[in-house]
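Scroll down for the structure; my scribbles are underneath it.
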Amino acid sequence: MPPARPNIILITLDTVRADATPLGGSNPMPFLSKLAKEGTTFENAYTTFDSTPPAHFSMMTGFYGGWGAAPLDAKETSVPYQLAQLGYRTFGIAANGNLSLKTNIYLNAFDQYSCLYDEYTALDGAAKDATLKKADALLDHYGAAKDDFNRVMVSTPWEKVLEKFDRQVKPGKRPFFAFLNVIDAHDPYLPDPRSYNPAKEERRWNHTGFDADLRNRKGIWDPELQDPSKIADAEHRELVTETLKKTWGRVWSTTFDLNADEIAIYRNRYLYEVRALDQFLAGVFKVLADRGVLDSTVVIITADHGESLGEDHLISHSFNNMGERESTLHVPLLVVFPRSFGYTPKTVKTPVTVAAIAPTIYDIVGVDWEGITKMTLPTNIGRSLIAELGDRRPVYRVTAVVPKAPRTTPDERERTSSEAEKRLRSLGYIH
Ligand SMILES: [Zn+2]
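Quick look at the structure:
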């Protein structure tokens, strides 16, 4: 008999496009390949937004749109809140600074929550020095700028998420809902030099003029890219201007100054960083096995968005959903059930979105989520994937309690949205 209240883990591999994994491509990740043989892979899974905060909002609420807006973005409309009604212990560990409690109302529903970015910025004294020393050694190795962005990105690796997860998992009467986010695949693409040797891994490509630091590379200061009105050729001027509209004006997110070899090197480093996340996934399952909860835990593995690596002259993500579709929006999605569920592993080709994740979790644990669907138009809510996963019909044991009136005060909402904007700016997405 499958457990009526299995533990649920939602893992988001930040910035991992589907074809960078064995779930949609050929990047070698042996552990993930093995998992795929035991679970259900959704080959055509798409995110709702090509940027972190609204994509995670969709996963954790089921709503396509509504991040930051009343009444949809509220603690009560989120998976952690609803699962707590069923007695679940809930905790989240996110590396991404855009997944802060200060910048997302719904995340405040978790019993316990860590944002590694916030913890990094709060460091001082010896702890800060030790972290900076390690970060700066890596940045120096690649000749990347020792700026705030690069430093925090290399100081919040998957190992820290796994360490915290390890401390949280314990067998007990209460099931848990865990949310884990790792950000290693995000730029800057600086693989661990202990396992990545550019002389060997990149011998096919010419390195002349290559700058490892994507955001601070010299090429972006080209006067014509800084001011496309100076471009003489009308067609090229139009192309650069239109591409810059997609990137909110970020020149570093375009590839006009890069040659094919430079793009290939960034791509190779990106793929290598994604590949390293196989160790993270293996680590999560080892913790579950060690604590004896493997047979009572459902694991969902996905990504919040992908990453363009030269497609449509774009590199990175967050293009207001106007970027190249496959690279930025097509994400991996794998659901692994304990054997006791008796589900047959399979591959599903039907297109689905990450907004299906919340309704699917509700159907797995038995939360009747009809009340949540009534908060919005039918076009704005994901559908449950329970039918694709197995033939078990949901047995509802609690009814979702949704707020009749917004419980978040206008002040709180205003503060959260201005914090979110500040964070997006400090992370370089908007000017
Ligand atoms: Zn992201």
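Counting in this note's numbering, the sequence shown tops out at residue 1886, every number present.
Beta carbons: idealized from backbone N, C-alpha and C, even for Gly.
For residue i, tell me which candidate among the options has the shortest Cα-Cα distance.
{"i": "Ser-1708", "options": "Leu-1749, Asp-1767, Asp-1733 and Arg-1724", "result": "Asp-1767"}
{"i": "His-1596", "options": "Ser-1569, Pro-1793, Leu-1578 and Asp-1647", "result": "Asp-1647"}
{"i": "Leu-1788", "options": "Ala-1810, Gly-1797 and Ser-1795", "result": "Ala-1810"}
{"i": "Thr-1415", "options": "Ser-1763, Arg-1730 and Arg-1705", "result": "Past the boundaries of the shown model lies residue 1415; the chain is included only from 1456 to 1886, so the question cannot be answered."}
{"i": "Phe-1837", "options": "Arg-1649, Tyr-1817, Arg-1746 and Ser-1488", "result": "One detail in the question is off: residue 1837 reads as Gly in this sequence, not Phe. That would be Tyr-1817, whose Cα lies nearest to the Cα of Gly-1837."}
{"i": "His-1886", "options": "Thr-1828, Lys-1700 and Val-1748", "result": "Lys-1700"}
{"i": "Asp-1528", "options": "Gly-1552, Arg-1544, Leu-1556 and Ile-1548", "result": "Leu-1556"}
{"i": "Ser-1506", "options": "Tyr-1575, Arg-1870, Lys-1685 and Gly-1761", "result": "Gly-1761"}
{"i": "Asp-1750", "options": "Leu-1713, Phe-1792, Val-1609 and Gly-1765", "result": "Phe-1792"}
{"i": "Phe-1665", "options": "Pro-1678, Tyr-1721, Asp-1621 and Lys-1685", "result": "Tyr-1721"}
{"i": "Pro-1535", "options": "Thr-1467, Ala-1577 and Phe-1632", "result": "Phe-1632"}
{"i": "Thr-1663", "options": "Ala-1640, Ala-1687, Asp-1716 and Pro-1678", "result": "Asp-1716"}
{"i": "His-1491", "options": "Ile-1548, Leu-1478 and Ser-1650", "result": "Checking the sequence, you will find Ala at residue 1491 rather than His. The shortest Cα separation from Ala-1491 among Ile-1548, Leu-1478 and Ser-1650 belongs to Leu-1478."}
{"i": "Pro-1417", "options": "Ile-1548, Thr-1558, Leu-1594 and Ser-1481", "result": "Limits of the chain in this structure are 1456 at one end and 1886 at the other, which puts residue 1417 out of reach."}
{"i": "Val-1853", "options": "Asp-1846, Leu-1844 and Ile-1827", "result": "Ile-1827"}
{"i": "Phe-1504", "options": "Lys-1801, Arg-1868 and Thr-1783", "result": "Thr-1783"}
{"i": "Asn-1462", "options": "Arg-1472, Lys-1489 and Arg-1544", "result": "Arg-1544"}
{"i": "Thr-1725", "options": "His-1641, Glu-1656, Trp-1676 and Gly-1765", "result": "With the sequence shown as reference, residue 1725 is identified as Tyr, and Thr is not the correct amino acid for it. Among His-1641, Glu-1656, Trp-1676 and Gly-1765, the Cα nearest to that of Tyr-1725 belongs to His-1641."}
{"i": "Leu-1844", "options": "Leu-1554, Lys-1530, Thr-1495 and Met-1830", "result": "Thr-1495"}
{"i": "Trp-1613", "options": "Ala-1549, Trp-1660 and Ala-1654", "result": "Ala-1549"}
{"i": "Phe-1711", "options": "Trp-1703, Glu-1679, Ile-1560 and Thr-1864", "result": "Glu-1679"}
{"i": "Ala-1813", "options": "Ser-1513, Gly-1778 and Asn-1652", "result": "Ser-1513"}
{"i": "Ile-1857", "options": "Asp-1823, Thr-1576, Pro-1485 and Ala-1585", "result": "Before going on, a small fix: residue 1857 reads as Val here, not Ile. Comparing Cα-Cα distances from Val-1857 to each of Asp-1823, Thr-1576, Pro-1485 and Ala-1585, the minimum goes to Asp-1823."}
{"i": "Ala-1719", "options": "Asp-1677, Glu-1657 and Phe-1486", "result": "Glu-1657"}
{"i": "Asp-1573", "options": "Ala-1581, Asn-1551, Ala-1585 and Gly-1580", "result": "Asn-1551"}
{"i": "Asp-1621", "options": "Arg-1705, Phe-1546, Gly-1674 and Asp-1846", "result": "Phe-1546"}
{"i": "Ser-1650", "options": "Tyr-1568, Asp-1602, Lys-1588 and Glu-1728", "result": "Glu-1728"}
Identify the continuous beta strand (DSSP E) that holds residue i and give its terminal residues.
{"i": "Ala-1633", "result": "1631-1637"}
{"i": "Ser-1569", "result": "1567-1570"}
{"i": "Lys-1801", "result": "1801-1803"}
{"i": "Thr-1429", "result": "Examination of residue 1429 is not possible in this model, given that the chain is present from 1456 through 1886 alone."}
{"i": "Val-1791", "result": "1788-1791"}
{"i": "Ile-1756", "result": "1752-1757"}
{"i": "Phe-1497", "result": "1495-1497"}
Note the first and the last residue of the continuous alpha helix (DSSP H) segment covering residue i.
{"i": "Gly-1542", "result": "Element bounds for Gly-1542: n/a, residue is neither H nor E."}
{"i": "Ile-1841", "result": "1841-1844"}
{"i": "Ile-1905", "result": "Nothing can be reported for residue 1905: it is not among the residues displayed for the chain, which extend from 1456 to 1886."}
{"i": "Thr-1696", "result": "1689-1701"}
{"i": "Phe-1512", "result": "1507-1516"}
{"i": "Thr-1783", "result": "1780-1784"}
{"i": "Phe-1620", "result": "1613-1623"}
{"i": "Val-1857", "result": "First-last for Val-1857: undefined, no H or E at that position."}
{"i": "Ile-1560", "result": "Segment: none, Ile-1560 is in no alpha helix (DSSP H) and carries neither H nor E."}
{"i": "Val-1471", "result": "Neither: Val-1471 is in no alpha helix (DSSP H) and is coded neither H nor E."}
{"i": "Leu-1809", "result": "For the sequence presented, residue 1809 should be read as Val rather than Leu. Where Val-1809 is concerned, there is no enclosing alpha helix (DSSP H), given that its DSSP letter is neither H nor E."}
{"i": "Leu-1527", "result": "Taken as a continuous stretch (DSSP letters only), Leu-1527 belongs to no alpha helix (DSSP H), as it is neither H nor E."}
{"i": "Asp-1866", "result": "1865-1881"}
{"i": "Glu-1656", "result": "1653-1656"}
{"i": "Ala-1491", "result": "1485-1491"}
{"i": "Ile-1675", "result": "Counting along the chain, Ile-1675 falls outside any alpha helix (DSSP H), and DSSP gives it neither H nor E."}
{"i": "Gly-1826", "result": "1825-1828"}
Please check if any C-beta of chain E sits within less than 8 Å of the C-beta of residue i.
{"i": "Val-1607", "result": "In the structure shown, chain E does not exist; there is a single protein chain."}
For ligand 2, is there any heavy atom lying closer than 7 Å to the beta carbon of residue i?
{"i": "Tyr-1501", "result": "Ligands in the displayed structure: ligand 1; ligand 2 is not one of them."}
Query - Uninterrupted alpha helix (DSSP H) stretches inside the segment 1585-1609 (no shorter than 4 residues) - result: Within the segment 1585-1609, complete alpha helix (DSSP H) segments of at least 4 residues are found at 1603-1609, given in chain order.
Query raised in the report: With contact counted as at least three CB pairs below 8 Å, one residue from each stretch, are the segment 1536-1548 and the segment 1556-1568 in contact?
Result: Cβ pair count under 8 Å is three or more, so yes.
Query - Nearest-residue set for ligand 1, Cβ under 6 Å from any heavy atom - result: For ligand 1, the selected residues are Asp-1469, Thr-1470, Thr-1507, Asn-1551, Asp-1759 and His-1760.
Query raised in the report: Are the segment 1488-1503 and the segment 1815-1830 touching, with three or more C-beta to C-beta distances below 8 Å?
Result: They do not touch, by the three-pair rule.
Query raised in the report: Can you find at least 3 beta carbon pairs, one from the segment 1626-1644 and one from the segment 1685-1697, that sit closer than 8 Å?
Result: The segment 1626-1644 is not in contact with the segment 1685-1697.
Query raised in the report: Between the segment 1773-1790 and the segment 1637-1651, do three or more beta carbon pairs fall short of 8 Å?
Result: No: fewer than three Cβ pairs fall under 8 Å.
**Report entry** the segment 1599-1618 / the segment 1722-1741 touching (three or more Cβ pairs under 8 Å)
**Finding:** Remark: three or more beta-carbon pairs, one from each stretch, lie closer than 8 Å, so the segment 1599-1618 and the segment 1722-1741 are flagged as touching.
**Report entry** Stretch pair the segment 1597-1615 + the segment 1510-1527: three plus CB contacts closer than 8 Å
**Finding:** In short, these stretches do not touch, since the Cβ pair count stays below three.
Requested in this report: Would you check if there are 3 or more beta carbon pairs closer than 8 Å linking the segment 1743-1757 to the segment 1792-1808?
Outcome: Contact between the segment 1743-1757 and the segment 1792-1808 is present, because at least three Cβ pairs lie under 8 Å.
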